[in-house]
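J.: full-length UniProt numbering puts the first residue of the sequence shown at 1, with every later residue one more than the last.
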Amino acid sequence: MAQEIMKIQDLNFCDRPHETLFARIITYNGRSVSYAAYGDYWRQLRKICTMELLTTKRVQSFRHIREAEVLELVKAISQSQGSIFNLSHKILSTTYGIAARIAFGKKYSYQKVFISSIAEASQIGGGNCIADLYPSIRVLLEMMSRNKAKLEELHTKIDKVLQDIIDDHRNRKDDKCKEEEGSEDLVDVLLKFQQKDFEYPLTDDNIKAVIQDMFTGGGKTSSAVVEWTMAEMIKKPKMMERAQSEVRRVYGSKGYVDESELHQLIYLKCIIKETLRLHPPVPLLIPRQNREPCQIKGYQIPANSRIMINAWAIGRDPRYWVDAIEFKPERFVDNYSIENRGTNFEFILFGGGRRMCPGIAFATPNMELLLAQLLYHFDWKLPNEIKNEELDMTELFGMAMTRRNDLCLIPIIHHQP
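1) Measure the alpha-carbon distance for Y200 versus V257 and round it to whole angstroms.
2) Helix, strand or coil: which one does DSSP assign to T216?
3) Drop a sphere of 10 angstroms on the beta-carbon of V139, count the other beta-carbons inside from all chains shown, and report buried for 16 or more, exposed for fewer.
4) Could you tell me which uninterrupted beta strand (DSSP E) segments, each at least 3 residues in length, are contained entirely in the segment 319-396, listed from first to last along the chain?
5) Given a cut-off of 8 Å, decide if I272 and M367 are closer than it, judged by their beta-carbon atoms.
6) Below 8 Å on the Cβ atoms is my guess for I307 versus F13; work out the distance and round it to an integer in Å.
7) Can you tell me whether DSSP reads P280 as helix, strand or coil?
8) Rounded to the nearest angstrom, how far is the Cβ of L278 from that of F327, given a contact under 8 Å?
9) E142: buried (16+ other C-beta within 10 angstroms of its C-beta) or exposed?
10) Assuming V113 and V161 make a contact with CB atoms under 8 Å, what is their CB distance in whole Å?
11) With C-beta atoms as the reference, is R63 less than 8 Å away from E259?
12) Run through the DSSP bridge pairs and tell me what residue 435 is partnered with.
13) Would you kindly work out how many angstroms separate the C-alpha atoms of D406 and H89, rounded to a whole number?
14) Looking at the secondary structure, which residues open and close the alpha helix (DSSP H) in which Q194 lies?
15) If contact is defined by three or more beta carbon pairs under 8 Å, each pair taking one atom from either stretch, is the segment 239-257 in contact with the segment 281-296?
16) Look at the alpha carbon of P417 and the alpha carbon of I211, and state the distance between them as a whole number of angstroms.
17) Which class does I65 belong to by DSSP, given the choice of helix, strand or coil?
18) Would you check whether the ligand ATP has a heavy atom nearer than 7 Å to the C-beta of L53?
19) Go to Q244, then tell me how far its alpha helix (DSSP H) extends in each direction, as first and last residue.
20) How many angstroms separate the CA atom of C44 from the CA atom of P358?
21) For P237, tell me which candidate among I8, A2 and K381 has the shortest Cα-Cα distance.
22) Using C-beta distances below 7 Å, list every residue in its chain close to E390, excluding the 5 sequence neighbours before and after it, in chain order.
23) Can you tell me which of the three DSSP states Y96 falls into?
24) Rounded to whole angstroms, what is the Cα-Cα separation between A363 and Q123?
25) Compare the C-alpha of A131 against each of P281, R66, E19 and G351 and name the closest.
26) Between D392, L409 and E153, which lies nearest to S83 when the distance is taken from Cα to Cα?
27) Excluding five sequence neighbours on each side, which residues of the same chain lie with their C-beta closer than 7 Å to the C-beta of Y251?
28) Just verifying my parser: in three-state terms, what is the DSSP assignment at F13?
29) In its own chain, which residues sit with a C-beta less than 6 Å from the C-beta of V33, not counting the 5 before and 5 after it?
30) Whose C-beta lies closer than 6 Å to the C-beta of L87 among residues of the same chain, with five residues either side of it excluded?
31) Just how far apart, CA to CA, sit M6 and R31?
32) Between the Cα of L202 and those of S223, A100, K106 and I166, spot the shortest distance and give me the residue it belongs to.
33) Which term fits H169, buried or exposed, when burial requires 16 or more other beta carbons within 10 angstroms of its beta carbon?
34) Using a threshold of 8 Å, state whether the C-beta atoms of S223 and I91 are closer than that.
35) Just the C-alpha distance for K75 and L374, rounded to the nearest angstrom, thanks.
36) Q416 by DSSP, collapsed to three states: which one?
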């Protein structure tokens, strides 16, 4: 059925329910790539993202930022050798730190307010807002809920920080250091497009919506995948040993981990795929909406129906996966061609069709580099004599599916950073 919606009838189902509370308030009335209504504006915005912001060349140009931020994490962990270390908090801080430097070019004193507000808004947006389920009495239900007031408060904070950053970039746009593409951050690139003669002019609010999209979709989701991957390997020590052996063999002669050899980490990539299958970062994909009435599998679907695709359930469906609830990376070693890029509909973590998430190329090196560093530099064990198989794996549902309890481990240095 997912294939019917995202491929066969993709054109009909490529719209978004833009009247949801989160979309109206946080994404500037659906101006982001993720939530914009299907049409010329969305096509223009997606083209900017895919042809300018998220190209292979652009993503590679930010390699030094990823490596520097992850190295800071490794150094922080090494200072906690033999002590309990909250890996969840630090991984999340690192992924947001990477996104901030790529988007803004430097660290701002007030970006912590922005990041914490984005994280809180995403948590609210990932829950069930009853007003979104009953649009005919939406106004009344929103008045009875605290979510609307809270999202508006968070949006005010987010908007002020982003406007200050845009103004700062605009004031220094003539700096000579900005002449080279490699020194441009994402705000620089988007500001250049304000000068172009588009059918839909790129306003400051449009820029804010695009930047916000990257944080909402890329910060917590990437950290959640790394966190779940580490948790699964902790539960299965032999799997972790095999992954560590691979990383240490590939980078052994170098003495440090960078992105140049990540393509050689085949087993680690399979572990990440298996994590994505069992713990999809967005368990319910962003809802779609059909523009015309249609029929699917004998069911009549009225126009403007809200369609939810359950990636979590598809990834655990025994019709498509042998030993569906078992964590077995070897299934991808044997079938390495299965990819999460929208063509294998039993594995649709980032969606498919026209509304497929364009940020895969942005998120992948973050996850792979983080995990490679954690496996290369450290051995890991659970605190308080907890047995590996007893590690709590309870999920916390939200816009990103995270662990209910933080992953706290004891690091033991293997390679000094």
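Even for Gly, the Cβ is constructed at its ideal location relative to N, Cα and C.
This one's a predicted model, so the numbers in the text were calculated from it and none came from an experiment.
T.: The structure says:
1) 43 Å
2) helix
3) exposed
4) 378-381
5) yes
6) 6 Å
7) coil
8) 6 Å
9) buried
10) 6 Å
11) yes
12) Because the chain is modelled from 1 through 417, residue 435 falls outside the range shown and cannot be assessed.
13) 8 Å
14) Where Q194 is concerned, there is no enclosing alpha helix (DSSP H), given that its DSSP letter is neither H nor E.
15) no
16) 32 Å
17) helix
18) This structure lacks the ligand ATP; in fact it carries no ligand of any kind.
19) P237 to Y251
20) For clarity, residue 44 is Gln in the given sequence; the question names Cys instead. Approximately 14 Å, taken between the alpha carbons.
21) K381
22) none
23) helix
24) 20 Å
25) E19
26) L409
27) V257, E261 and Y376
28) coil
29) L45, R46, C49 and D213
30) L407 and L409
31) 22 Å
32) I166
33) buried
34) yes
35) 11 Å
36) coil
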